[in-house]
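These protein sequence lines map, in sequence, to chains A and B.
Numbered by the numbering used here, the letters in the first sequence go through residues 1 to 293 in order.
Numbered by the numbering used here, the letters in the second sequence go through residues 1 to 342 in order.
First comes the structure, then the notes that go with it.
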Amino acid sequence: MEYGLDKRSNALKTFNTTFIIIWLLIACFPFIWTFWGSFKVRADFFSRADWWYAISAFNTLIETGGQFTSNAYSEAWTEGEFWKASRNTIIVTVFVVTISLFLGTLGAYALSRSTERYAFWILIAALIFRAMPHITLVSGYLFPFFELQIWGILPTTIVVLVAINQPFTLWLLYSFFKTVPKELDESALIDGCSYFQAFRYIIMPVMWPGVITAGLFSLMLAYNDFTVTALLLNQENHTMVPKIQSYLGTNQHEGNLMWAVSAVVSATAPLFMLVMFFQRQVISGLTTGAVKG
Amino acid sequence: MPNKTFFWFFLPTGLAMILFIGLPIISTGIQSFYAQHDQVVKEVKKCDPFGCTVSIVVDQEATSVLRDERPLGKFNGFGTYVDRNHLAIEQISEFWDETDTLGDFIDQVTNLPFYKALLFTLTYCLFVTPNVLLLGFIIALSLNAISRKIRGPLIFGTILPMIVTPLVGSLVLFWMIDAEGIIGANLQLMMEDPYLSLKSSRTLTWITIIIYGIWHHSPFAFVVFYAALQTVPQEPVEAAIIDGASRYQRIRHIVLPHIYPVVTFVALISLMDNFRVFEPIIGFSAEGSAQSLSWLIYDNLVNEEVILFGSAAATSMMTIIGIAILLAPVLIRTWKEFRTAR
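Put into structure tokens, the structure is as follows:
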């Protein structure tokens with residue numbers, strides 16, 4: 001909306017800039033602050049005496065002899081077994097993304113090319129499934145999983161996350177497939193391709209932007225999930241997010257709080273890098289469903 | 001596409017959704033009619049030279065046999081739904097008879113666990129959703145007026161609160177707002193109240209969680225509104241400027257009507273997400289003063305002694321009914337549109 005005729009007054013411009021700066025501070029400062037604090041000792045970052053210690057590093061100097069310390073990181077990654085949690089997260093994320101994309105592209109392609117009425121109802125059902133709070137589904141899983149003795153292991157969690165992720169992936173990929181002209185695969189069919197061949201060799205090569213977007217969202221879901229991973233995995237197999245929660249302890253003052261702080265930074269940094277790289281895809285993914293109505 | 005081809009293409013994803021979303025809902029429904037077994041007790045007669053005493057002890061063996069035989073528990077019908085921890089029908093009618101004023105009655109009822117959680121969940125939805133729409137829209141308008149060259153990094157900064165998981169987002173805020181954090185400590189100094197802290201009052205906790213909710217969800221509204229703003233046609237806006245419409249009038253009468261469908265979409269998604277509020281309660285360690293429906297289910301499922309499957313399932317079913325009520329208007333509208341389109 002760049003109005004050619006529109007002349008903004010200086011007051012409005014100043015107001016606008018100030019507002020954006022304040023909002024960005026609110027949005028980003030907590031992360032910057034946590035990053036900064038993760039290199040301090042607990043007595044500084046959670047100071048009972050004076051909050052300024054977090055900046056002047058009063059206790060960090062006394063305890064470690066330097067302004068900054070990476071003790072929290074090294075302890076959390078070794079003693080706190082955060083390496084194991086991050087390994088589990090990588091396994092879960094890689095499998096969830098691959099499987100969801102495989103199932104999602106097949107299903108969404110079929111939905112986008114079907115003119116039958118049931119395709120519409122399937123999409124509505126997917127919308128309803130999308131609205132289900134994950135914890136209600138987990139309360140349905142726990143008992144059968146205990147009985148079948150498949151509780152606590154990574155494969156179960158991967159399959160569950162894939163399924164939970166399907167409704168959103170389907171909707172997203174459906175709207176991407178809709179933008180690919182039908183004539184493209186119809187001409188392939190006339191030339192004697194089967195539907196699967198048309199899908200594999202004609203449609204998929206032009207679908208990469210959509211697939212990347214859908215992949216990013218599956219990745220964020222698998223990476224960020226707390227409800228499913230906390231309740232369906234045993235202690236040994238915990239991924240990063242439930243691990244962070246376990247560092248907190250039941251009481252805030254027990255547990256190793258600085259481990260949690262460094263773990264939060266370690267878990268968030270890769271995600272931020274990824275989004276910085278793929279910002280365009282994330283935004284297009286969030287808006288395809290919405291803007292086209 | 002022929003039905004047969006459609007079937008094979010859709011089978012994997014359809015199977016995944018039926019097995020892991022459809023069936024669990026049914027499984028939850030079945031579980032909600034069962035309750036965990038009572039412990040089997042037996043009388044033990046103990047005799048010594050001074051006479052015999054009869055004491056009642058828990059028969060561990062028989063209890064575990066019973067649990068193994070029927071792991072689902074005993075059939076309870078709608079018993080779980082109406083007990084004290086859920087709809088609490090009996091308690092409510094008692095309160096109705098006992099209390100004199102309506103205010104008293106409402107106080108008593110909202111102290112029951114289920115209604116307490118429902119009240120918090122609804123309050124959270126009611127305050128977060130409109131504010132998210134408003135703040136998201138203002139940020140979108142505001143960023144849209146900024147030079148294109150620096151917009152990219154600004155958008156990145158704006159969406160940060162949305163891409164972290166709620167648990168991490170709430171922890172990061174909590175560490176600042178808590179009495180030992182930077183904001184909390186400064187508030188204590190400013191208010192000159194050394195005991196001021198998040199946990200000291202219920203209202204403060206609720207306000208904090210609501211502020212967190214707005215912080216976390218606004219970026220989503222922003223992104224969608226921002227994209228929608230790019231599609232607003234220029235001609236009517238220019239015509240309005242020539243006719244002398246003020247900035248407010250242009251937004252009110254041209255921009256808003258154009259992006260109206262998107263507003264309903266964002267409102268719906270944000271309402272659905274807010275209704276399942278759960279992680280921030282753990283992040284803020286606010287279990288004491290704020291409980292949501294999802295948190296109640298979680299609490300039952302992590303119960304130390306016996307997992308309360310029945311109780312969790314009953315709360316889940318009622319949450320699903322809540323979601324259905326929220327979704328109903330949209331579904332009815334879609335159905336009507338679909339029928340007229342045919």
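The beta carbon of each residue, even a glycine, is placed where N, CA and C say it ideally should be.
Bear in mind that the values here come from a model prediction, so they are computed numbers and not experimental data.
With a beta-carbon spacing of about 20 angstroms, threonine 315 of chain B and histidine 37 of chain B fall beyond the 8 angstroms limit used to define contacts. The beta-carbon of tyrosine 141 of chain A is placed less than 8 angstroms from the nearest beta-carbon of chain B. When 7 angstroms is used as the limit between beta carbons, arginine 252 of chain B is near no residue of chain A, the shortest such separation being about 15 angstroms.
Per DSSP, reduced to three states, the secondary structure at glycine 37 of chain A is helical. By the CB criterion at 8 angstroms, isoleucine 320 of chain B and methionine 273 of chain A fall outside the cutoff. Between tryptophan 51 of chain A and leucine 123 of chain A, the CB-CB gap reaches or exceeds 8 angstroms. For the pair alanine 35 of chain B and asparagine 76 of chain B, the CB atoms are nearer than the 8 angstroms cut-off.
For the region 49 to 65 of chain A, the set of positions with a beta-carbon nearer than 8 angstroms to some beta-carbon of chain B reads Asp50, Trp51, Ala54 in chain order. Between the region 142 to 162 of chain B and the region 192 to 207 of chain B there are fewer than three inter-stretch CB-CB distances shorter than 8 angstroms, so the stretches are not counted as touching.
Taking a C-beta distance under 8 angstroms as the contact criterion, serine 170 of chain B and glutamate 279 of chain B qualify as a contact pair. The beta carbon of glutamate 304 of chain B does not come within 8 angstroms of any beta carbon belonging to chain A, so the residue lies off that interface. Taking 8 angstroms as the cut-off, the Cβ atoms of isoleucine 20 of chain A and serine 218 of chain B do not count as close. Here serine 201 of chain B is exposed. Its C-beta has fewer than 16 other C-beta atoms within 10 Å. Taking C-alpha positions only, phenylalanine 68 of chain A is separated from alanine 57 of chain A by approximately 8 angstroms. In the three-state DSSP reduction, isoleucine 241 of chain B falls in the helix class (H, G or I).
Taking 3 residues as the minimum length, the beta strand (DSSP E) runs contained wholly in the region 32 to 80 of chain B are 41 to 48, 51 to 58, in order along the chain. Looking only at A:Val241, A:His238, A:Phe177, the smallest Cα-Cα distance to valine 211 of chain A is reached by A:Phe177.
By the 16-neighbour rule on beta-carbons within 10 angstroms, glutamine 291 of chain B is buried. Taking threonine 13 of chain B as reference, the option from A:Lys84, A:Val94, A:Phe168, A:Phe277 with the minimal CA-CA separation is A:Phe168.
Note that the C-beta distance between phenylalanine 7 of chain B and tyrosine 109 of chain A is not below 8 angstroms.
Annotation: glutamate 304 of chain B is outside any alpha helix (DSSP H) and is labelled neither H nor E by DSSP. Bounds of the alpha helix (DSSP H) holding glycine 104 of chain A are 82 to 113. Taking CB atoms only, arginine 200 of chain A has no neighbour in chain B less than 8 angstroms away.
A distance below 8 angstroms separates the beta carbons of valine 96 of chain A and isoleucine 158 of chain A. Chain order gives the chain A residues near tyrosine 298 of chain B as Ile135, where near means a beta carbon separation below 7 angstroms.
The DSSP-derived three-state label of leucine 326 of chain B is helix. Taking all protein chains in view, the Cβ of proline 233 of chain B is surrounded by fewer than 16 other Cβ atoms within 10 Å, so the residue is classified as exposed. Taking C-beta atoms as the reference points, serine 38 of chain A and serine 262 of chain A count as a pair closer than 8 angstroms. Within chain A, Trp51 have C-beta atoms less than 8 angstroms from the C-beta of asparagine 186 of chain B, given in sequence order.
Close to glutamine 279 of chain A, with beta-carbon spacing below 9 angstroms, are these residues of chain B in chain order: Gly152, Ile155, Phe156, Ile159. According to the DSSP assignment, valine 168 of chain B belongs to the alpha helix (DSSP H) that extends over 166 to 177. In terms of beta-carbon proximity, tryptophan 36 of chain A stays away from the interface with chain B, with every pair separated by 8 angstroms or more. Chain order gives the chain A residues near glutamate 279 of chain B as Phe226, Thr227, where near means a beta carbon separation below 8 angstroms. Secondary structure of leucine 233 of chain A (DSSP, three-state): strand. Annotation for valine 224 of chain B: Gly136, Val262, Phe265, Val266 place their beta carbon closer than 8 angstroms to its own, counting only its chain and skipping 5 residues before and after. Taking the Cα of glycine 283 of chain B as reference, the smallest distance to any Cα among B:Asn131, B:Leu167, B:Arg84 is reached at B:Leu167.
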